[in-house]
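Q: Encoded as structure tokens, here's the structure I'll be asking about.
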Amino acid sequence: MVNIEEIQVIHNEEAGRFETEVDGYFAEAAYYRNGNKIVFTHTGVPRPIGGKGVANKLVKTALDYARENNLDVVPLCSFVAVFIRRHPEYQDLVDRS
1 MVNIEEIQVI
11 HNEEAGRFET
21 EVDGYFAEAA
31 YYRNGNKIVF
41 THTGVPRPIG
51 GKGVANKLVK
61 TALDYARENN
71 LDVVPLCSFV
81 AVFIRRHPEY
91 QDLVDRS
């Protein structure tokens, strides 16, 4: 069983992703940097651990990182875009250019 509070998300800057391992499954929120922008391209969570909040935890951690580092967010990944729409506290991070 997944305890979302115990999940540790690692920022693997070299690989361009926030990642975690849950019950032996690897999950990620992938991005690339473009100047002061962080462009989210993909969020992947294997089915056996899907629907348990893992993707939300990855994206929240990634967006908190963006805020702490004054980065503008470009949500190319549909999951990240929906997460931001559902969490107005992150909408100010979205790049409007």
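Here the sequence shown stands for residues 1 to 97, where the numbers follow my numbering. Heads up, the beta-carbon is just placed ideally off N, CA and C, and yes, glycines get one too.
Taking 8 Å as the cut-off, does the segment 87–96 touch the segment 45–53 (at least 3 CB pairs, one atom from each stretch)?
A: No, the segment 45–53 is not in contact with the segment 87–96.
Q: Determine which residues share a DSSP beta bridge with F40 and list them.
A: Taking the sequence shown and counting its residues from 1, one reaches residue 40 at position 40. In the DSSP output, where bridge partners are listed per residue, F40 has Y31, P75.
Q: Starting from N12, trace the beta strand (DSSP E) in both directions and tell me its first and last residue.
A: As a working mapping, residue 12 is identified with position 12 in the sequence shown. Run containing N12: 10–12, per the beta strand (DSSP E) assignment.
Q: Residues in the same chain with beta-carbon distance under 7 Å from H11, minus the five sequence neighbours each way, listed in chain order, please.
A: Here residue 11 is taken as the residue at index 11 of the sequence shown, counted from 1. F18, Y65.
Q: Please report the distance separating the alpha-carbon of N36 from that of E6.
A: Taking the sequence shown and counting its residues from 1, one reaches residue 36 at position 36. Taking the sequence shown and counting its residues from 1, one reaches residue 6 at position 6. Taking the straight line from one Cα to the other gives about 31 Å.
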